[in-house]
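Structure first, then comments.
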Amino acid sequence: MRKVHCDERPDWRTTAEREGFAFHTIDGERYWDERGYYQFSEAQVSRDLEAPTQELHAMCLDAVARIVDSEALMTRLAIPPAFFDLVRRSWKEGHPHLYGRFDFSYDGTGPAKLIEANYDTPTSLYEAAAFQLIWLEQQIERGVLPAHASQFNTLAEDLVRAFAAFERESPFYFSAIGGSIEDRGTTDFLRKMAGHVGISTRHIDLEDIGLNDEGRFVDLEGRPIPRLFKLHAWEHIFHEDFGQAIAGCDTQFVEPAWKSLISNKGILPLLWEWHEGHPNLLPAFLDEDPRRPVPKGWVRKPYFSREGANVDIRTTDDQRVFEDGPYDDAPYILQGFAPLPKFGDSYTLIGSWVVGDLASGIGIREDDTLITKDSSRFVPHVVVD
4 MRKVHCDERP DWRTTAEREG FAFHTIDGER YWDERGYYQF SEAQVSRDLE APTQELHAMC
64 LDAVARIVDS EALMTRLAIP PAFFDLVRRS WKEGHPHLYG RFDFSYDGTG PAKLIEANYD
124 TPTSLYEAAA FQLIWLEQQI ERGVLPAHAS QFNTLAEDLV RAFAAFERES PFYFSAIGGS
184 IEDRGTTDFL RKMAGHVGIS TRHIDLEDIG LNDEGRFVDL EGRPIPRLFK LHAWEHIFHE
244 DFGQAIAGCD TQFVEPAWKS LISNKGILPL LWEWHEGHPN LLPAFLDEDP RRPVPKGWVR
304 KPYFSREGAN VDIRTTDDQR VFEDGPYDDA PYILQGFAPL PKFGDSYTLI GSWVVGDLAS
364 GIGIREDDTL ITKDSSRFVP HVVVD
């Protein structure tokens, strides 16, 4: 694994706009960054990323099966008791799921270390599945990359295969918070993949979803919503008026409620407890006293933190890195510190995707600090032997 610097395509912004990549630049700063790319060998991808992703996914599914049968474990993960049955039923009835992402610290040598799992509302999907593949194809055409260069990236075809398992008679609604260009980019891409198998799709802003007198979720025209992909986290839904009606409604939710268990960082101590010493896991424990300073060589994270918010790192050489945020009303974990590798001036995080139950590809984010945030840059990758 190494970073290779290269010239960016002179027309990449025009290409991005044409392809619908509207959030390639955020607040005047480049989000997509093709002034370099990460190069991997086939062995690094298959041995160090793909295989562990597949194994960790199986471990997480096994953990869900154990957790839903234990009210004590669901309590430990801060699932509200009123939603125990919903979470349990979604698992026991096999409610279908689409995708998730593991975030790894990996420098090309040694086992990739799991930082966290984003299994409910992961973004950076379009740029990983589509735009970095467009970049690869164009760079091969222009002679910048060799003809045999490839990517670990079957995301689009695996998503089409996953949607093919859904019935095609009723419309499939896709929702995100109104005004979020990035979230809309994710849901529009998923709609496109669903359309490839003949599913009729519709967009609805989360704020526009209604509830009729019969307890059914409806769109702005009062039509029932039979299926809903919601880019909105279950831990929020559990505490919203919206959530109180879910148990009695007839809408199929994607992602299903059992995904709330894997996206919860409280699962990391359980994985360590049940698989202590696993080469891809970091030591992790419930933080019994989050008011004390973070011990040297550890990281404090809230159960429900997103995009690096409220993460508090104390490095092995006693430096503190902290990102403020709103997630201060839930339990915390302590996780062993696995520093992100530094390439030049950037710290690098690898997101390894699962679609359905298959390891499907990677996306890479860079930041100027050890904490990857919403503003962190997305950088493409190639696989070359």
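For the sequence shown, the positions run 4 to 388 when the working numbering is used.
Backbone N, C-alpha and C define an ideal beta-carbon position, used for all residues, glycine too.
Assigned secondary structure, residue i (DSSP; H/G/I helix, E/B strand, else coil)
i: K95; result: helix
i: P84; result: helix
i: R303; result: strand
i: L48; result: Note that residue 48 corresponds to Val in the displayed sequence, not to Leu. Reduced to three states, the DSSP call for V48 is helix.
i: H389; result: The question about residue 389 has no answer, for the chain in this structure spans 4 to 388.
i: K6; result: strand
i: F245; result: helix
i: F192; result: helix
i: G339; result: strand
i: Q322; result: coil
i: D315; result: strand
i: L273; result: helix
i: L89; result: helix
i: L285; result: coil
i: L214; result: strand
i: S266; result: helix
i: T17; result: helix
i: D65; result: helix
i: D186; result: helix
i: P293; result: coil
i: L76; result: helix
i: L373; result: coil
i: I202; result: coil
i: P298; result: coil
i: H278; result: coil
i: A260; result: coil
i: A54; result: helix
i: G197; result: According to the sequence shown, residue 197 is Ala rather than Gly. A197: helix per DSSP, three-state reduction.
Per DSSP, cross-strand counterpart(s) of residue i
i: P227; result: V221
i: Q255; result: R230
i: K345; result: Y350
i: W356; result: R104, G364
i: V382; result: I367
i: T28; result: R33
i: K207; result: The identity of residue 207 in the sequence shown is Ile, whereas the question assumes Lys. Paired residue(s): S178.
i: Y41; result: K6, H384
Contact belief for residue i with residue j at Cβ below 8 Å, rounded distance in angstroms
i: A3; j: D327; result: Outside the shown range of the chain, which is 4 to 388, sits residue 3, and nothing can be said about it.
i: V100; j: E238; result: Before going further, note that residue 100 is His rather than Val in the sequence given. Not confirmed; about 17 Å, so no contact.
i: W301; j: F340; result: 6 Å
i: P201; j: R230; result: The identity of residue 201 in the sequence shown is Gly, whereas the question assumes Pro. 14 Å between Cβ atoms; not a contact.
i: V386; j: S153; result: 5 Å
i: I249; j: L89; result: 6 Å
i: G347; j: A131; result: About 22 Å; that fails the 8 Å criterion.
i: F105; j: L158; result: Not quite, the Cβ-Cβ distance comes to about 14 Å (not below 8 Å), so this is no contact.
i: L234; j: A179; result: 4 Å
i: I316; j: L373; result: 6 Å
i: L117; j: N313; result: Actually they do not touch by this definition, with Cβ atoms about 19 Å apart.
i: R12; j: H27; result: That belief does not hold up - the Cβ atoms of R12 and H27 are roughly 12 Å apart, past 8 Å.
i: F358; j: Y102; result: Per the sequence shown, the amino acid found at residue 358 is Val instead of Phe. Contact holds; Cβ gap of about 5 Å.
i: L193; j: F169; result: At roughly 12 Å, the Cβ-Cβ gap does not stay under 8 Å, so L193 and F169 are not in contact.
i: F175; j: S203; result: 7 Å
The segment 330 to 342 contacting the segment 296 to 309, beta-carbon criterion three pairs below 8 Å: Contact holds: three or more Cβ-Cβ distances are below 8 Å.
Using a Cβ distance threshold of 8 Å, determine whether the segment 344 to 353 contacts the segment 131 to 142, with at least three qualifying pairs required. Judged by Cβ distances under 8 Å, the segment 344 to 353 makes no contact with the segment 131 to 142, as fewer than three pairs qualify.
Would you call the segment 290 to 297 and the segment 107 to 117 touching, i.e. three or more CB-CB distances under 8 Å? In this structure the segment 290 to 297 does not touch the segment 107 to 117; the number of beta carbon pairs closer than 8 Å is below three.
Secondary structure, beta strand (DSSP E): runs of 3+ residues fully inside the segment 97 to 179: Counting only runs of 3 or more, we get 102 to 108, 116 to 121, 175 to 179.
Three or more C-beta pairs under 8 Å: does that hold for the segment 161 to 169 against the segment 186 to 205? Yes, since at least three Cβ pairs between the segment 161 to 169 and the segment 186 to 205 fall closer than 8 Å, the two stretches touch.
Hey, is the segment 207 to 216 in contact with the segment 261 to 276, meaning 3+ C-beta pairs nearer than 8 Å? Using a C-beta cut-off of 8 Å, the segment 207 to 216 makes no contact with the segment 261 to 276, since fewer than three inter-stretch Cβ pairs fall below that distance.
Contact between the segment 66 to 79 and the segment 89 to 100 (3+ Cβ pairs under 8 Å): With the cut-off at 8 Å, the segment 66 to 79 and the segment 89 to 100 touch.
Cβ pair count under 8 Å reaching 3, the segment 215 to 230 against the segment 251 to 265: Three or more pairs of CB atoms, one per stretch, sit closer than 8 Å, so the segment 215 to 230 contacts the segment 251 to 265.
Could you tell me whether the segment 370 to 383 touches the segment 37 to 47, where touching means 3 or more Cβ pairs closer than 8 Å? Yes: at least three Cβ pairs fall under 8 Å.
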